[in-house]
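Reading through the structure tokens given below for one structure.
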Amino acid sequence: MTTALVIVPTFNERVNLPVLVDGLMQHPNVSLLVVDDASPDGTGEVAEALARQHPGRIEVMHRTGRRGLGRSYIDGIRRAIERPVDVVCQMDADLSHDPRQLPSLIAGTGNADVVLGSRYIPGGGIVNWPARRRLLSRFANFYVRMITQLRARDCTSGYRCWRRATLAALPLDDFTSDGYSFLVEMLFVARGLGARIAEVPITFVERREGESKMSGGVLYESALTPWRLVATKSKRG
Ligand SMILES: Nc1nc2c(ncn2[C@@H]2O[C@H](COP(=O)(O)OP(=O)(O)OP(=O)(O)O)[C@@H](O)[C@H]2O)c(=O)[nH]1
Ligand SMILES: [Mg+2]
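With my numbering as the guide, the letters of the sequence shown map in order to residues 209 to 445.
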């Protein structure tokens, strides 16, 4: 059976994390790496308690210094690719990504290097998003696809599965995105290295507990990133 390590970045997710862990631990081939950014709500301690409940299956990284989704993923990926697993996954802690759909993402790595959990292919969907949020996400994907020429329908999805070797080949030191555009940067760089990208449908559910970390700065970075990616690539040749 394909073994998987799921990296979950957390910031103030103390209510959601135990529910997520419960779902993930139902899959015997799955282990978890929580990357907590010194959450003021005590998510880090909650994660440690969960790790004690599931010995050998949950690892916790406590970050210090500047927080950020991109930075957390870089630290998490460095650790994850050292582990003897077949695939490494990315997933949000806020229950927007259903752990029951993880096996279909993992299975997709049988004939792809990266598998995206996609809201925008047949069978995919979104539950509980207002029209404004749907429109923003649709536009973001259209914008990214147009500029980067990536062909996947859901380039901004944070639910993903990578063959470990594909992830290990990414030049993590060169990554510059702080926020959500880190996800687009990963995909763009992987495609440049020849990675085969596939999508499987997911149903994305809006968070019910905790707060979104989406901000004006995040949106600004997301608008600039695709242009920066194509510009640096053409400079490098
Ligand atoms: N370690 C770490 N995790 C973060 C940071 N910002 C967000 N996260 C986590 O990244 C995941 C996605 O963040 P969300 O706030 O849900 O962002 P989103 O899904 O784009 O926005 P929502 O619509 O509110 O769900 C969650 O697991 C967060 O806890 C951060 O700065 N550091
Ligand atoms: Mg979310």
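From the three backbone atoms N, C-alpha and C, an ideal C-beta is built for every residue, glycine too.
Supposed contact pair residue j and residue i - C-beta distance, whole angstroms, cut 8 Å
i: G278; j: G387; result: 6 Å
i: L324; j: S365; result: 5 Å
i: V238; j: L310; result: 7 Å
i: V296; j: W370; result: 5 Å
i: A259; j: E267; result: 7 Å
i: I355; j: P434; result: 4 Å
i: M269; j: L241; result: 7 Å
i: I215; j: G284; result: 4 Å
i: I410; j: D306; result: 7 Å
i: S430; j: S389; result: 5 Å
i: V243; j: R271; result: 6 Å
Buried versus exposed, by CB contacts within 10 Å (16 or more), residue i
i: G402; result: exposed
i: L432; result: exposed
i: Q357; result: exposed
i: N319; result: exposed
i: A339; result: exposed
i: A348; result: buried
i: R399; result: buried
i: E419; result: exposed
i: A373; result: exposed
i: P217; result: buried
i: S442; result: exposed
i: L437; result: buried
i: A255; result: buried
i: D188; result: Absent from the model: residue 188. The displayed extent of the chain is 209 to 445, so no value can be given.
i: A360; result: buried
i: T440; result: exposed
i: L343; result: exposed
i: R327; result: buried
Beta-bridge partners of residue i, as assigned by DSSP
i: L240; result: V214 and I266
i: G325; result: V408
i: G333; result: T411
i: R371; result: V295
Proximity winner among the options, relative to residue i (alpha-carbon distances)
i: N220; options: L232, T251 and L213; result: T251
i: V408; options: S389, C363 and W435; result: C363
i: R286; options: R265, M233, L213 and R342; result: L213
i: A406; options: S280, R222, D245 and S312; result: S312
i: S280; options: F383, R436, R346 and E419; result: F383
i: S385; options: R327, D244, F396 and L375; result: F396
i: R274; options: R265, D306 and S247; result: S247
i: P379; options: D245, D306, I289 and L344; result: I289
i: R341; options: V223, E429, M422 and G418; result: M422
i: I314; options: R368, Y351, R359 and T440; result: R368
i: I282; options: M394, A439 and R404; result: M394
i: R308; options: T440, R404, A439 and P236; result: P236
i: A377; options: G276, V322 and Y351; result: V322
i: M233; options: E253, S304 and Q261; result: Q261
i: G276; options: E253, T317 and D245; result: D245
Chain C contact for residue i (CB, 8 Å cutoff)
i: W370; result: Absent from the structure is chain C; it holds one protein chain and no more.
Below 8 Å, can you find three or more Cβ-Cβ pairs linking the segment 407-427 to the segment 331-339? yes
How do the segment 221-230 and the segment 285-305 stand: do at least 3 beta-carbon pairs fall below 8 Å, yes or no? yes
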